[in-house]
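Trainee:
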Amino acid sequence: MYQMTIGGSPVPGAGTFEVIDPATGEPFAQAPDCTPDQLDQAMNAAAAAWRTWRRDDDARREALRRAADAIEAAADRLAPILTAEQGKPLKDARNELAGAVVWLRYYADLELPREIVQDDARGYAEIVRRPLGVVAAITPWNFPITLAMWKIAPALRAGNTVVVKPSPYTPLTTLAVGELLQQALPPGVLNVVSGRDPLGARMTAHPVPRKISFTGSTATGRRVAAAAADDLKRLTLELGGNDPAVILDDADPEQIADRLFWGAFGNNGQICLAVKRVYAPERLHDDLVEALAVRARSVRVDAGTAEGAQLGPLNNRPQFDRVAGLVADALRDGAVAAAGGAPIDRPGYFYQPTILAGLGDGTRIVDEEQFGPALPVIAYRDLDDAVERANAGDYGLTASVWSPDLDRAAQVAAELEAGQVSVNVHGLGVRPDLPFGGHKQSGLGVENGPWGLYGFTDLQVLTRPAKP
Ligand code: TXE
1 MYQMTIGGSP
11 VPGAGTFEVI
21 DPATGEPFAQ
31 APDCTPDQLD
41 QAMNAAAAAW
51 RTWRRDDDAR
61 REALRRAADA
71 IEAAADRLAP
81 ILTAEQGKPL
91 KDARNELAGA
101 VVWLRYYADL
111 ELPREIVQDD
121 ARGYAEIVRR
131 PLGVVAAITP
141 WNFPITLAMW
151 KIAPALRAGN
161 TVVVKPSPYT
171 PLTTLAVGEL
181 LQQALPPGVL
191 NVVSGRDPLG
201 ARMTAHPVPR
211 KISFTGSTAT
221 GRRVAAAAAD
231 DLKRLTLELG
241 GNDPAVILDD
251 ADPEQIADRL
261 FWGAFGNNGQ
271 ICLAVKRVYA
281 PERLHDDLVE
291 ALAVRARSVR
301 VDAGTAEGAQ
311 LGPLNNRPQF
321 DRVAGLVADA
331 LRDGAVAAAG
341 GAPIDRPGYF
351 YQPTILAGLG
361 DGTRIVDEEQ
371 FGPALPVIAY
381 RDLDDAVERA
391 NAGDYGLTAS
401 VWSPDLDRAA
411 QVAAELEAGQ
421 VSVNVHGLGV
431 RPDLPFGGHK
441 QSGLGVENGP
451 WGLYGFTDLQ
461 VLTRPAKP
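Shown next, in the form of structure tokens:
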């Protein structure tokens, strides 16, 4: 029985909706469907709790530590729920929960120095960061717990209270974590609601929250921004990406293939910052395609509960259809599948890890975010041209450059338009202490580190004359 958490109490929905196990394609649980009245109750409970929660930073740090301990102790119970609703292998589900613990402890321990600008014979001026109030947090289905915790941990530490809504594809683990954390937090500080859309739109239009923190698609992000404009809610958007990996001509395909492969296929490619397209020099193209294809053919795809599974199914039917459609389009346009290229013949949303060669810009799978286990490798002749193509499009989330010559790689990295650029690895910058956010239409604002916490605050200037 999964329940919402409102004002510290477990609350069933007026109705329920089905949650599907992507490894079978069949429903396996029911989640509560939040009514508009229940959403009001959650918002009001968060607003009431904020009055005291905002006052005591030490108490908040202690509460975050208790929350981390509670998740750590419950990880063996929570991981199978995450695998059942999301599809990822159990070991990845455990890692995701371990990450939530790291994020909570990071924010509990983060030292925030006072920012005193002036304290002399003429006067005193200090910059104070004040919590905003209630935060509406909306998360997607690829990393339900990681992405919820990127919002919950800094928002609570800064002194806000939270109403979080997971994706209707993956509501269960977040609901379970919401119930669990009531042992660590005062009532109303963290509320979890679940429901089918338009619950998300109702949250962004609701008058109580002062901030929306959203992770999801760029299309929905635009709608969230429009809704926030009405009463000028603060906004952080972490949106899609079409992240390029640019291989330089001195790279060794065999040496980089493992890291490049996992940079693209981790979580079955369903990562906002996964490698989504590879630009390889003509001379290395065939060797790199083959090195990646060898790995794609040998990786073990199975239900997340199966021993030794490295990749699970895609999370949901629309995403499965989208990836299948993009690959089919590319093959019709003349691309060659060096590995994969088709669904796996079994129930559930399983798709063969796919490496595509012989295609260029102007193909949908190169120009759009595929968000799945299919990677196009594009040959280039001229590096400047490759960089220009890597920068083309509306996204700018992450990018990587691959070369044993680190200085040269750094020069190319400096040309790339992305919030994070890494060298000889993809996505190394995802850490609690580094800012994560997209350039261009990949997002607005950043999460993580002190910068992420500051996004849950307004500045206040406190001034007075010098003490007599
Ligand atoms: O995302 P949505 P979907 C990309 C990926 C995928 C596509 C669609 O390319 O194919 O998005 O996935 C809630 N106001 N990413 O449809 O719609 C919704 O209930 C407020 C990239 O799942 O963006 C869910 O909780 N909220 C991404 C959340 O928004 C609304 C991760 C995300 O759903 C809403 C996932 C509204 N009007 C998908 N409509 C990444 N950057 O990591 C829906 N929601």
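Numbering (full-length UniProt numbering), first residue to last: 1 to 468.
For glycine and all other residues, C-beta sits at the position ideal for the given N, C-alpha and C.
Keep in mind the model is a prediction, meaning the values are calculated, not measured.
(1) Please state whether DSSP places Ala29 in a helix, a strand or coil.
(2) Could you spell out the range, first to last residue, of the beta strand (DSSP E) harbouring Tyr380?
(3) Name the residue from Arg130, Tyr124, Leu232 whose alpha carbon lies nearest to the alpha carbon of Pro468.
(4) Using 7 Å as the threshold, is the C-beta distance between Pro313 and Gly348 below it?
(5) Quick one: measure Cβ to Cβ for residue 470 and Ala390, integer angstroms, because I've assumed they're closer than 8 Å.
(6) Give every residue of the same chain whose Cβ lies closer than 8 Å to the Cβ of Asp258, excluding the five residues on either side of it in the sequence, and list them in chain order.
(7) Write down the C-beta distance between Ala67 and Leu104 rounded to the nearest angstrom, noting that I regard them as a contact closer than 8 Å.
(8) Could you check whether the Cβ of Pro22 sits closer than 6 Å to any heavy atom belonging to the ligand TXE?
(9) What distance in whole Å lies between the Cβ atoms of Phe436 and Asn448, which are believed to be in contact at a cut-off of 8 Å?
(10) Go ahead and label Met1 buried or exposed: buried means 16 or more other beta carbons lie within 10 angstroms of its beta carbon, across all protein chains shown.
(11) On the CB-based measure, 16 or more other CB atoms within 10 Å of its CB, does Val117 come out buried or exposed?
(12) Can you list, in chain order, the residues of its chain with a C-beta nearer than 7 Å to that of Ala379? Leave out the 5 residues immediately preceding and following it.
(13) Would you decide whether Thr52 is buried or exposed? Buried here means 16 or more other CB atoms lie within 10 Å of its CB.
(14) Give me the residue from Gly452, Ala466, Pro465 with the minimum Cα distance to Arg129.
(15) With three or more C-beta pairs closer than 8 Å as the rule, is the region 180-193 touching the region 59-79?
(16) Quick check: the region 246-265 against the region 226-233, are there 3 or more CB pairs under 8 Å?
(17) Taking the C-alpha atoms as reference points, what is the distance between Thr354 and Gly340?
(18) Of the choices Arg114, Phe28, Val135, Glu126, whose alpha-carbon is the least far from that of Ser49?
(19) Measure from the alpha carbon of Gly13 to the alpha carbon of each residue in Val301, Arg196, Ala63, then state which is nearest.
(20) Assess contact between the region 396-411 and the region 242-252, defined as three or more Cβ pairs (one per stretch) separated by less than 8 Å. Is contact present?
(21) Could you check what DSSP says for Asn391 in three-state terms: helix, strand or coil?
(22) Could you please give me the residues that DSSP links to Gln420 through a beta bridge?
(23) Which value, in whole angstroms, describes the spacing of the CA atoms of Glu307 and Val301?
(24) Which residue's Cα is closest to the Cα of Thr139: Ile127, Gly133, Pro131, Ile152?
(25) Can you give me the start and stop residues for the alpha helix (DSSP H) that Ala201 sits inside?
(26) How about Leu190 and Ala63: do their beta carbons lie closer than 7 Å?
(27) Would Pro187 and Gly7 qualify as a contact pair, given that the criterion is a beta-carbon distance under 7 Å?
(28) So Gln460 and Gly372 are supposed to be a Cβ contact under 8 Å. How far apart are they, rounded?
(29) Using the three-state DSSP reduction, which class does Tyr351 fall into: helix, strand or coil?
(30) Quick check: does the Cβ of Phe350 come within less than 6 Å of any heavy atom belonging to the ligand TXE?
(31) Name, in chain order, the residues that DSSP records as bridge partners for Arg129.
(32) I'd like the ranges of any beta strand (DSSP E) spanning at least 3 consecutive residues and lying wholly in the region 85-138.
(33) I need the straight-line Cα distance from Ser442 to Asn242, nearest angstrom please.
(34) Taking 6 Å as the cut-off, does the CB of Val224 come closer than this to any heavy atom belonging to the ligand TXE?
(35) Mind checking who Phe17 pairs with in its DSSP beta bridge?
(36) Relative to the alpha-carbon of Glu369, which residue among Gly334, Val323, Leu132 has its alpha-carbon at the smallest distance?
Mentor: Answer, in terms of the structure:
(1) strand
(2) 374-380
(3) Tyr124
(4) yes
(5) Residue 470 lies beyond the residue range present for the chain, which begins at 1 and ends at 468; the question has no answer from this structure.
(6) Arg295
(7) 5 Å
(8) no
(9) 5 Å
(10) exposed
(11) exposed
(12) Ala280, Glu282, His285
(13) exposed
(14) Gly452
(15) yes
(16) no
(17) 4 Å
(18) The question names Ser, yet the displayed sequence has Ala at residue 49. The shortest Cα separation from Ala49 among Arg114, Phe28, Val135, Glu126 belongs to Val135.
(19) Arg196
(20) yes
(21) helix
(22) Thr398
(23) 11 Å
(24) Ile152
(25) 199-205
(26) no
(27) yes
(28) No, Gln460 and Gly372 are not in contact; Cβ-Cβ is about 45 Å, not under 8 Å.
(29) strand
(30) no
(31) Leu459
(32) 115-120, 123-131, 134-138
(33) 9 Å
(34) yes
(35) Ala31
(36) Val323
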